[in-house]
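Just remember that the working numbering sits 132 ahead of the position in the sequence shown, which is counted from 1.
Before any comments, here is the structure.
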Amino acid sequence: MKKILAAVICVAVIICVATLSGRGMYTRTEYMLDTVITITADNKKAVSECFDEIKRIEKLFSVHISDSETSKINSAPHGAPVAVSREVFDLLEKACEYKTKTDGAFDITVKPLVDLWNVSGGGYVPDTEEISEAVSLVGDIILDKDNLTVTLPRKGMQIDLGGIAKGYAGDRVRDVLLQNGVTSAMADLGGNIVTLGKKDGKPWKIGLQSPDKGRGEAFATVEAEDTCVVTSGGYERNFVHNGKTYHHIIDPRTGTNPDNDVLSVTVISPDGALADALSTACFVLGRERGEECAKSLGADIVTYTKNGVFTTDTAKTNIFDNVK
Ligand code: ADP
Ligand code: MG
133 MKKILAAVIC
143 VAVIICVATL
153 SGRGMYTRTE
163 YMLDTVITIT
173 ADNKKAVSEC
183 FDEIKRIEKL
193 FSVHISDSET
203 SKINSAPHGA
213 PVAVSREVFD
223 LLEKACEYKT
233 KTDGAFDITV
243 KPLVDLWNVS
253 GGGYVPDTEE
263 ISEAVSLVGD
273 IILDKDNLTV
283 TLPRKGMQID
293 LGGIAKGYAG
303 DRVRDVLLQN
313 GVTSAMADLG
323 GNIVTLGKKD
333 GKPWKIGLQS
343 PDKGRGEAFA
353 TVEAEDTCVV
363 TSGGYERNFV
373 HNGKTYHHII
383 DPRTGTNPDN
393 DVLSVTVISP
403 DGALADALST
413 ACFVLGRERG
423 EECAKSLGAD
433 IVTYTKNGVF
443 TTDTAKTNIF
453 DNVK
């Protein structure tokens, strides 16, 4: 079912991007990193190298690949240091920094809660005891910079880079494009958009999906040039139980979906990993704290709430459907 859905999305995305692509632009779509990825650039070889790079990153970070570095960390006995590559170490270090800077709203040790709620496997609504048990496993990982090791200090602790890996992959895609001399490109890694240069002499126009309307219906556009536009929301990966919708973004501090009026958050920053982590974090934090947090990290943010749409960047964001 997931594969059929992915194929339908692929076709839709290809049609959409084919019309978007200018003369001499080449577009390819693949299902990787658990999502549909489309890359458009004026260089076929560069696009192909980008997909090789994403495959490499997936092998490093995916919790679904048993010999990925993430899986090795998760399967080691608690308290045992696990040697990792410099690349993995650096991203873990960044993730820990974002945890501190977002008051713990972004936390890669959220995995026991992700597994408990099991949104991708159909969903389960746990009781308060199960939730507090999983919340007690959220905590600090130990990073040893000299020996490049990672330790999960407590039994049952697990990490999940699902909230940052696509953003990081987008940053690496941009590097590959630049190394190939590409001057105009757009990559869409499942809602994580990376833009390079302009399209037909103008900034790329990125439509922001309306959280409560059909796929492809935008409520705003963002003009983007050499930056990333990353969106998190609860409207795509979710399940319904007793009439209530539960989604895949969890507040690691309470163990439940965040209790605020935010329906989607879009973060705009040249740093894709930061934008990805922040979009997840600000969705958890709510509009006001989310805006403060994004500003303090030099990023712009568009927050779609049940009470209207707000942006910190009125120059580049055009909101044309501000539902209240
Ligand atoms: P998407 O992957 O749909 O683009 P996000 O970037 O917001 O959405 O990441 C959500 C994923 O990150 C979840 O599927 C889960 O694996 C993980 N996650 C959920 N809540 C958090 C959180 N508070 N902090 C860090 N990672 C999270
Ligand atoms: Mg994210």
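Backbone N, C-alpha and C define an ideal beta-carbon position, used for all residues, glycine too.
Every value quoted in this text rests on a predicted model; they were computed, and no experiment measured them.
By how many angstroms is the C-alpha of T241 removed from the C-alpha of G255?
C-alpha separation (whole angstroms): 19 Å.
So, V354 versus V362, is the Cβ gap smaller than 8 Å?
Contact: no.
Run the proximity test for A409: is its beta-carbon closer than 7 Å to any non-hydrogen atom belonging to ligand 2?
A409 Cβ: within cutoff of ligand 2.
How would you call I274, buried or exposed, if buried means at least 16 neighbouring beta carbons within 10 angstroms?
Exposed.
If you reduce the DSSP assignment to three classes, tell me which class K438 lands in.
Coil at K438, not helix or strand.
Please state whether the Cβ-Cβ distance between V299 and G404 is less than 8 Å.
Note that residue 299 is Gly in the sequence shown, not Val. Yes; because the gap between Cβ atoms is below 8 Å, this pair is in contact.
Would you kindly work out how many angstroms separate the C-alpha atoms of N392 and G418, rounded to a whole number?
N392 and G418: Cα-Cα distance of roughly 6 Å.
If you draw a straight line from the C-alpha of S411 to the C-alpha of T398, how long is it?
Using only the alpha carbons, I get a separation of about 6 Å.
Tell me which same chain residues have a C-beta within less than 6 Å of the C-beta of V441, skipping the five on either side of it?
Within the same chain, V441 has close Cβ partners I451, N454.
Could you check whether the Cβ of G422 sits closer than 7 Å to any heavy atom belonging to ligand 2?
Checking every heavy atom of ligand 2 against the Cβ of G422, none is found closer than 7 Å.
Under 8 Å by Cβ, that's how I've got K337 and E357 pegged, so tell me the actual separation to the nearest angstrom.
About 10 Å separates the two Cβ atoms, so there is no contact after all.
In whole angstroms, what separates the C-alpha of M318 from that of G422?
So the two alpha carbons sit approximately 26 Å from each other.
Helix, strand or coil: how does DSSP classify T234 here?
T234: coil per DSSP, three-state reduction.
Cα separation between P343 and I433?
Roughly 16 Å between the two C-alpha positions.
Using the Cα positions of S153 and A409, report the straight-line distance between them to the nearest angstrom.
Note that S153 scores 47 on pLDDT, short of 50, meaning its location in the model is unreliable; the coordinates nonetheless yield the value given after this. Each residue's alpha carbon lies about 29 Å from the other.
Residues in the same chain with beta-carbon distance under 7 Å from K231, minus the five sequence neighbours each way, listed in chain order, please.
The answer, listed in chain order, is F238, D239.
Would the stretch 254 to 270 count as touching the stretch 199 to 206 if we require 3 or more Cβ pairs under 8 Å?
The stretch 254 to 270 is not in contact with the stretch 199 to 206.
Give me the Cα-Cα distance between A431 and G156, rounded to the nearest whole angstrom.
Cα to Cα, A431 sits roughly 32 Å from G156.
Would you say the beta carbon of S268 comes nearer than 7 Å to a heavy atom of ligand 2?
No, the beta carbon of S268 sits no closer than 7 Å to any heavy atom of ligand 2.
Report whether the distance from the Cβ of I186 to the nearest heavy atom of ligand 1 is below 7 Å.
False, no ligand heavy atom lies under 7 Å from that Cβ.
Per DSSP, which residues does K226 bridge with? Please list them.
Paired residue(s): none; K226 is not in a bridge.
For the stretch 295 to 346, which segments carrying the alpha helix (DSSP H) assignment without a break, of at least 4 residues, lie completely within its bounds, in sequence order?
297 to 311, all fully within the stretch 295 to 346.
When you compare the stretch 304 to 315 with the stretch 182 to 198, are there three or more beta-carbon pairs, one atom per stretch, that lie closer than 8 Å?
Yes: at least three Cβ pairs fall under 8 Å.
Output the distance between the C-alpha atoms of Q290 and I205, rounded to the nearest integer angstrom.
Each residue's alpha carbon lies about 8 Å from the other.
Buried or exposed, going by whether 16 or more other CB atoms sit within 10 Å of the CB of P209?
Counting Cβ neighbours within 10 Å, P209 comes out exposed, since fewer than 16 surround it.
Within the present structure, is the beta-carbon of T435 separated from the nearest heavy atom of ligand 2 by less than 7 Å?
No - ligand 2 has no heavy atom lying nearer than 7 Å to the Cβ of T435.
Nearest CA to the CA of R117: which residue from T359, I381, G375?
No information on residue 117 is available, as it lies outside the stretch 133 to 456 that the chain covers here.
On the DSSP letters alone, give me the boundaries of the alpha helix (DSSP H) that T260 sits inside.
T260 -> alpha helix (DSSP H) spans 260 to 267.
In the DSSP assignment, the alpha helix (DSSP H) including I189 goes from what residue to what residue?
Here the alpha helix (DSSP H) through I189 covers 176 to 193.
Count the other CB atoms within 10 Å of the CB of G366; is the residue buried (16 or more) or exposed (fewer)?
By the 10 Å Cβ count, G366 comes out buried.
DSSP on K202, reduced to helix/strand/coil?
Sequence inspection shows Thr at residue 202; the Lys mentioned does not correspond to that position. Helix, per DSSP.
Taking all protein chains shown into account, decide if T449 is buried (16 or more other Cβ within 10 angstroms of its Cβ) or exposed.
Answer is buried; the Cβ neighbour count reaches 16.
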